[in-house]
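**Q**
Structure representation (structure tokens):
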């Protein structure tokens, strides 16, 4: 079994609408209920405005790269191969952007 | 002893016909593409000597596969090979066991696995194409680099990166389940089609057609046809390639000048390829909604059926372009539809259809758009505008043969020679 990190990139402006937060929360709950067996971890992040970046010893305010769609959360999933991982990743809610699927390096 | 020339020819023939089969079956054993390639290359090298001594085997593919797979199991057992950090490919846990009595007797046809892995949507299309040429067609990295006019180190890096992604991200070595197969096959067909079109009108350089790429694309389409004989998408693509390639010999004259469809000597068209293409087209369009390749093949078939340019059923061509535009909307299709309308209903109607397209960003830099406009303008006698459009088309084309052709047309309209103006189609 391999592990993949599903990184959720979305435009934060999308969440400003009335009731959107509840809808997104419900969508993630439904995703978790359906694919819980394959989910090894996951979290939502606070908005990019709260990010702090460090390069060398220089500390700056803001996310690593200034982009419209920012990292807003992730799931760590387990799957036998990329096809199975993509199948699950397609179900990850990300209506204001998309997701990136990255294999976790096998250190064994 | 078999004659050396005959053996070399037999090995070369087996290389072209059997490479994909031998490699696909060997990857099943090694679950490592690089190791499998090494073993298959080794088997072909051994064949040169063995076939000279023992004669050419009745089934060269089976001989080569047995030798390659034995070599692979030997290397894996002795672990003499330098071990890379690459993980083994994921398959469906049916890796054959060399200790099994049926190991050499039952060699599965794994070519569909191999091409589905090469054309996996998680790989960039240029990587899909490079892997397909390298792993299915057995081209060397240098040959693949030449086909796409990039340097060998660039192509080597592209292929290595793609192989790494297959292993590390665990793109499975497996035929997709039936519900996913149609979508995956779409990517495979797109790669084969792109190989063909790249070869058919070499985008850059001195030759109009790169025969090697065209032939490889047709070989691949035939392979898919063997593997999926009931698939209408495959039938449509092979039909399109055959009907288009049937005109290969007549597309340029002895001086290398590009000939338009109307100028081509139709007696030079390959009648065998046309017959086969038309038969395949029947299967492709009789099963549900025809896809873009089947519709393009149907258009090529209209031309193939017309004995002379004047006999072309342009109304049918326009109807087919309408269907193609609905199935696969694209500014290029709209452009070809406008050209067909110009022939079915006259140049004024063609120009009107062309104006409807406008100047979509996808067509910026596309030389066929000003060339088509120039053609229609010349036919209605607007020679100055036609000349300007030809000049624009000449600036945009990168193919020498096409540039010469356009320059010839520009001279005709600049001289205003009414005698060179082609007659209305009807």
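Chains as they are written, first to last, in this note's numbering: chain A, 1168 to 1275; chain B, 44 to 469.
Where a beta carbon is used, it is the ideal one built from N, C-alpha and C, also for glycine.
With three or more C-beta pairs closer than 8 Å as the rule, is the segment 257–264 of chain B touching the segment 224–242 of chain B?
**A** Yes, since at least three Cβ pairs between the segment 224–242 of chain B and the segment 257–264 of chain B fall closer than 8 Å, the two stretches touch.
**Q** State whether the segment 336–346 of chain B contacts the segment 268–284 of chain B, with contact taken as three or more CB pairs (one from each stretch) at a distance under 8 Å.
**A** Yes: at least three Cβ pairs fall under 8 Å.
**Q** Within the 9 Å Cβ cut-off, does residue 1249 (chain A) reach chain B?
**A** Walking along the first chain from the start, residue 1249 (chain A) turns up at place 82. Residue 1249 (chain A) counts as touching chain B.
**Q** Return yes when the Cβ of residue 67 (chain B) is within less than 9 Å of the Cβ of residue 152 (chain B), no when it is not.
**A** Residue numbering aside, residue 152 (chain B) sits at position 109 when the second chain is read from its first letter. Residue numbering aside, residue 67 (chain B) sits at position 24 when the second chain is read from its first letter. Yes, the pair counts as a contact, with Cβ atoms nearer than the cut-off.
**Q** Express the C-alpha separation of residue 1180 (chain A) and residue 1195 (chain A) in angstroms, rounding to a whole number.
**A** Here residue 1195 (chain A) refers to the residue found at position 28 when the first chain is read from its first residue. Here residue 1180 (chain A) refers to the residue found at position 13 when the first chain is read from its first residue. Those two C-alpha atoms are separated by around 18 Å.
**Q** Whose CA, out of B:144, B:418, B:232, lies closest to the CA of residue 435 (chain B)?
**A** To locate residue 435 (chain B), count along the second chain from 1; it is residue 392. Of the listed residues, the one whose Cα sits closest to residue 435 (chain B) is B:418.
**Q** Cβ of residue 1172 (chain A) less than 9 Å from any chain B Cβ?
**A** Working through the first chain from its first residue, we reach residue 1172 (chain A) at position 5. With 9 Å as the cut-off, residue 1172 (chain A) does not count as an interface residue toward chain B.
**Q** Any contact between the segment 97–113 of chain B and the segment 157–175 of chain B? By contact I mean 3 or more CB pairs, one from each, below 8 Å.
**A** Not touching, per the Cβ criterion.
**Q** Closer than 7 Å between beta carbons: that is the criterion. Which residues of the segment 210–224 of chain B meet it against chain A?
**A** Under the 7 Å Cβ criterion, the segment 210–224 of chain B contributes 211, 212, 213, 214, 215.
**Q** Who are the near neighbours of residue 165 (chain B) in its chain, counting only those whose CB is closer than 8 Å to its CB and skipping five residues on each side?
**A** Position 122 of the second chain holds residue 165 (chain B). Taken in chain order, the residues that qualify are 208, 212, 214.
**Q** Taking Cβ-Cβ distances below 7 Å as the criterion, which residues of the segment 356–381 of chain B are in contact with chain A?
**A** Within the segment 356–381 of chain B, no residue qualifies.
**Q** Restricting to Cα atoms, I'd like to know which of B:413, B:351, B:404, B:353 is closest to residue 379 (chain B).
**A** Taking the second chain and counting its residues from 1, one reaches residue 379 (chain B) at position 336. It is B:413.
**Q** Can you pull the DSSP bridge partners for residue 1222 (chain A)?
**A** The residue labelled residue 1222 (chain A) in the question sits at position 55 within the first chain. Paired residue(s): A:1225.
**Q** Considering residue 1243 (chain A), what are the terminal residues of the beta strand (DSSP E) in which it resides?
**A** Taking the first chain and counting its residues from 1, the one referred to as residue 1243 (chain A) is at position 76. Segment 1236–1246, the beta strand (DSSP E) holding residue 1243 (chain A).
**Q** Need the endpoints of the beta strand (DSSP E) that residue 1174 (chain A) sits in, please.
**A** Counted from its first residue, the first chain places residue 1174 (chain A) at position 7. Where residue 1174 (chain A) is concerned, the enclosing beta strand (DSSP E) stretches over 1169–1178.
**Q** Name the residues in the segment 155–170 of chain B whose C-beta lies less than 7 Å from a C-beta of chain A; which are they?
**A** The segment 155–170 of chain B vs chain A, Cβ under 7 Å: 165.
**Q** CB-CB under 6 Å to residue 462 (chain B), same chain, minus the five flanking residues each way: which ones, in chain order?
**A** The residue labelled residue 462 (chain B) in the question sits at position 419 within the second chain. At residue 462 (chain B) the pLDDT is 43, less than 50, meaning the model places this residue with poor confidence; the figure from the coordinates comes in the next sentence. Same-chain partners within the cutoff: there are none.
**Q** Going by beta-carbon coordinates alone, are residue 364 (chain B) and residue 349 (chain B) separated by less than 9 Å?
**A** Taking the first residue of the second chain as 1, we reach residue 364 (chain B) at position 321. Taking the first residue of the second chain as 1, we reach residue 349 (chain B) at position 306. The answer is no: Cβ separation not under 9 Å.
**Q** Does residue 1286 (chain A) come within less than 9 Å of chain B when only Cβ atoms are used?
**A** Limits of chain A in this structure are 1168 at one end and 1275 at the other, which puts residue 1286 (chain A) out of reach.
**Q** Could you check how far apart the C-beta atoms of residue 94 (chain B) and residue 65 (chain B) are, in whole angstroms? I think they sit under 8 Å.
**A** Taking the first residue of the second chain as 1, we reach residue 94 (chain B) at position 51. Taking the first residue of the second chain as 1, we reach residue 65 (chain B) at position 22. Residue 94 (chain B) to residue 65 (chain B), Cβ: 15 Å. No contact.
**Q** Among B:177, B:136, B:148, whose alpha-carbon lies nearest the alpha-carbon of residue 83 (chain B)?
**A** The sequence position of residue 83 (chain B) within the second chain is 40, counting from 1. Out of B:177, B:136, B:148, B:177 has the C-alpha closest to the C-alpha of residue 83 (chain B).
**Q** Run through chain A and tell me which residues come within less than 9 Å of residue 130 (chain B), C-beta to C-beta.
**A** Locating residue 130 (chain B) in the second chain gives position 87, counting from the first residue. 1169, 1273, listed in chain order.
**Q** Using 9 Å as the limit for Cβ to Cβ distance, is residue 1243 (chain A) near chain B?
**A** Residue 1243 (chain A) sits at position 76 when you count from the first residue of the first chain. Cβ-Cβ to chain B under 9 Å: no for residue 1243 (chain A).
**Q** Looking at chain B, is there any beta carbon in it that lies within less than 9 Å of the beta carbon of residue 1238 (chain A)?
**A** Residue numbering aside, residue 1238 (chain A) sits at position 71 when the first chain is read from its first letter. So no, residue 1238 (chain A) is outside the interface.
**Q** If the criterion is Cβ atoms closer than 9 Å, does the pair residue 1248 (chain A) and residue 217 (chain B) meet it?
**A** As a position in the first chain, residue 1248 (chain A) is number 81, starting the count at 1. As a position in the second chain, residue 217 (chain B) is number 174, starting the count at 1. Result yes, Cβ atoms of residue 1248 (chain A) and residue 217 (chain B) sit closer than 9 Å.
**Q** If we call anything under 9 Å between Cβ atoms a contact, is residue 1215 (chain A) one with residue 1230 (chain A)?
**A** Taking the first residue of the first chain as 1, we reach residue 1215 (chain A) at position 48. Taking the first residue of the first chain as 1, we reach residue 1230 (chain A) at position 63. Cβ distance < 9 Å, so residue 1215 (chain A) and residue 1230 (chain A) count as in contact.
**Q** Would you list the residues sitting across from residue 445 (chain B) in a DSSP beta bridge?
**A** For the purposes of this step, residue 445 (chain B) is taken as the residue at position 402 of the second chain. None; residue 445 (chain B) has no bridge partner.
**Q** Taking buried to mean at least 16 other C-beta atoms within 10 Å of its own C-beta, is residue 346 (chain B) buried or exposed?
**A** Mapped onto the second chain, residue 346 (chain B) falls at position 303. Residue 346 (chain B) should be labelled buried.
**Q** Rounded to the nearest angstrom, what separates residue 467 (chain B) and residue 284 (chain B) at their Cα positions?
**A** Residue mapping note: residue 467 (chain B) aligns to position 424 of the second chain, counting from 1. Residue mapping note: residue 284 (chain B) aligns to position 241 of the second chain, counting from 1. Interpretation of residue 467 (chain B) is limited by its pLDDT of 46, a score under 50 that renders its predicted location unreliable; the figure taken from the coordinates is listed afterwards. Approximately 30 Å, taken between the alpha carbons.
**Q** Which residues in the same chain as residue 469 (chain B) place their Cβ atom closer than 6 Å to its Cβ, once the five residues preceding and following it in sequence are excluded?
**A** Your numbering for residue 469 (chain B) matches position 426 in the second chain. Residue placement at residue 469 (chain B) cannot be trusted, given a pLDDT of 41 that sits under 50; the coordinates are not used to answer.
**Q** So, residue 242 (chain B) versus residue 58 (chain B), is the Cβ gap smaller than 9 Å?
**A** As a first step, residue 242 (chain B) is located in the second chain; it is residue number 199 there, counting from the start. As a first step, residue 58 (chain B) is located in the second chain; it is residue number 15 there, counting from the start. No, they are not a contact pair.
**Q** Three-state secondary structure (DSSP) at residue 301 (chain B)?
**A** Indexing the second chain from 1 puts residue 301 (chain B) at position 258. Looking at residue 301 (chain B) - three-state DSSP - the assignment turns out to be strand.
**Q** At a Cβ threshold of 9 Å, is residue 462 (chain B) touching chain A?
**A** Here residue 462 (chain B) is taken as the residue at index 419 of the second chain, counted from 1. Residue confidence is low: residue 462 (chain B) scores 43 on pLDDT, short of 50, so the model does not pin down where it sits. Its coordinate-derived value is still stated next. So, not an interface residue.
**Q** So what does DSSP say about residue 1269 (chain A), is it helix, strand or coil?
**A** Position 102 of the first chain holds residue 1269 (chain A). Three-state DSSP puts residue 1269 (chain A) in a strand.
**Q** Can you grab the Cα-Cα spacing for the pair residue 1173 (chain A) / residue 1244 (chain A), in whole Å?
**A** The residue labelled residue 1173 (chain A) in the question sits at position 6 within the first chain. The residue labelled residue 1244 (chain A) in the question sits at position 77 within the first chain. So the two alpha carbons sit approximately 7 Å from each other.
**Q** Can you find the residues in the same chain that come closer than 8 Å, C-beta to C-beta, to residue 63 (chain B), ignoring five residues on each side of it along the sequence?
**A** The residue given as residue 63 (chain B) occupies position 20 in the second chain. So the list reads 154, 157, 158, 178, 179, 180, 181, 266, once near-sequence residues are dropped.
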